[in-house]
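Quick note: the sequence shown uses numbering that gives the first Met the number 0, first residue 0, plus one each step. Glycine residues also receive a C-beta, built at the ideal position from the N, C-alpha and C atoms. Computed from a predicted model, the values in this text were never measured in an experiment.
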Amino acid sequence: MRVAIVHEWLETYAGSERVLEQLLEVWPDADLFVVCDFLADKDRHFLRGKVPTTSFIQRLPRARQWFRYYLGLMPIAVEQFDLSAYDLVLSSSHAVAKGVLTGPATLHVSYVHSPMRYAWDLQHQYLRQARMETGLKGLLTRWLLARMRGWDHASAARPDLITANSAWIAARIRKTWRRESTVIHPPVDIDGFPFEPAKQDYYFVASRMVPYKRIDLVAEAFRQLPDKRLIIAGDGPEMARVREAAGDSQNIEILGRVPQPDLIRLLQGARAFVFAAEEDFGIAMVEAQACGTPLIVYGRGGASDIVVPDTTGVLFPEQTAQSIRDAVARFETLAIAPDACRANAERFSRAVFRDRIQALVAQGLAVR
Numbered sequence: 000m001r002v003a004i005v006h007e008w009l010e011t012y013a014g015s016e017r018v019l020e021q022l023l024e025v026w027p028d029a030d031l032f033v034v035c036d037f038l039a040d041k042d043r044h045f046l047r048g049k050v051p052t053t054s055f056i057q058r059l060p061r062a063r064q065w066f067r068y069y070l071g072l073m074p075i076a077v078e079q080f081d082l083s084a085y086d087l088v089l090s091s092s093h094a095v096a097k098g099v100l101t102g103p104a105t106l107h108v109s110y111v112h113s114p115m116r117y118a119w120d121l122q123h124q125y126l127r128q129a130r131m132e133t134g135l136k137g138l139l140t141r142w143l144l145a146r147m148r149g150w151d152h153a154s155a156a157r158p159d160l161i162t163a164n165s166a167w168i169a170a171r172i173r174k175t176w177r178r179e180s181t182v183i184h185p186p187v188d189i190d191g192f193p194f195e196p197a198k199q200d201y202y203f204v205a206s207r208m209v210p211y212k213r214i215d216l217v218a219e220a221f222r223q224l225p226d227k228r229l230i231i232a233g234d235g236p237e238m239a240r241v242r243e244a245a246g247d248s249q250n251i252e253i254l255g256r257v258p259q260p261d262l263i264r265l266l267q268g269a270r271a272f273v274f275a276a277e278e279d280f281g282i283a284m285v286e287a288q289a290c291g292t293p294l295i296v297y298g299r300g301g302a303s304d305i306v307v308p309d310t311t312g313v314l315f316p317e318q319t320a321q322s323i324r325d326a327v328a329r330f331e332t333l334a335i336a337p338d339a340c341r342a343n344a345e346r347f348s349r350a351v352f353r354d355r356i357q358a359l360v361a362q363g364l365a366v367r
């Protein structure tokens, strides 16, 4: 059986690349196709020495810096890949990869991280953050996104089977594409976050400091809980806002970016991991659970797939400081067992992902 894997683009080793890594683990002889490849040599280990086939966007002017500005050309780019010789095509898609063209003899399974967020329900948020709500540039961007919505909806009919990385994304797929999907959670390196049952008396949050992560809300909540210690790790453009929200509170410690061993140690020792963002899934939450650490997290998005309420953590209903404070108060009335958190994390291991994706593909091949 000839197998092709189609991935959006290669720039960093992040969440979608971890899915690609496991697909290559299951189908090591697969050919790899990407819109463009600018991955650094130090991050290429997971490709198993493969040299991807790239599209014409790889050769456009200043593509390394500007490839995202070529979004309007990406549908054409993925449609130019000739996949006619393959029995199985797997696409890993958060933008255009699911739009590749395949024939009736080919099974196409698309692992969807999300429909194109910036073209659908999050369009206004993205335009606001990019400061393109008005003006000629904003008008042109809205026109482009309208075109992309049409293509995105039409091309959603092309995969034979669609998988979603969480129930939240399955609902988004149903809403935007009117298609059903199978939830297969992304693979998490559970073994890389060792279990530690002994906890210390601090709460912990770690994240990139970007607006939607809402780390400022966590800082604001704990500023009003002076008897609760909070440690914040991470860096980014929202750092000044987070420091302002924390004020001069003696119970809040802001570390900035920390090395991975220190991050793991802090996760292991935390009384609870606090997270206020709406995530499609939320790998950091699973990593905390793998350490045996309970969660206090915003209840929309992928968090509802991860947290077992009152058993491995607490969900809060609103992105407000008051809602976080109420959740902390509820958490402190519970006796959450660290080993229950670790057992919960095992549901999201790499081995579970590989088993489930293989089973889905086998099911699809059996009915062809």
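Check, Outcome
"Within-7 Å CB hit, residue 229 to chain C", "You won't find chain C in this structure, because it holds only one protein chain."
"Sequence-distant residues of the same chain with beta carbon closer than 6 Å to residue 37, five excluded per side", "10 and 63"
"The beta strand (DSSP E) enclosing residue 209, as first and last residue numbers", "Note, residue 209: premise wrong, no beta strand (DSSP E); not H, not E."
"Beta-carbon proximity check, residue 271 vs residue 201, cutoff 7 Å", "no"
"Buried versus exposed, by CB contacts within 10 Å (16 or more), residue 180", "buried"
"Supposed contact pair residue 291 and residue 196 - C-beta distance, whole angstroms, cut 8 Å", "6 Å"
"Beta-carbon proximity check, residue 333 vs residue 275, cutoff 7 Å", "no"
"Proximal residues to residue 176 (C-beta, below 7 Å), its chain only, five neighbours per side dropped", "114, 152 and 155"
"Secondary structure of residue 12, DSSP reduced to three states", "coil"
"Cβ neighbours of residue 182 in the same chain (closer than 6 Å, five flanking residues each side left out)", "163, 166 and 169"
"Secondary structure of residue 371, DSSP reduced to three states", "The structure shown does not extend to residue 371, since the chain is modelled only from 0 through 367, so no value can be given for it."
"Residue range of the unbroken alpha helix (DSSP H) whose run includes residue 140", "134 to 154"
"Every unbroken alpha helix (DSSP H) within the segment 20 to 93, with a cutoff of 4 residues, ordered by chain", "62 to 65 and 73 to 78"
"Whether residue 266 touches residue 287 by CB criterion (7 Å)", "yes"
"Local conformation of residue 386 per DSSP, three classes", "No statement about residue 386 is possible, as the shown extent of the chain runs from 0 to 367 and does not include it."
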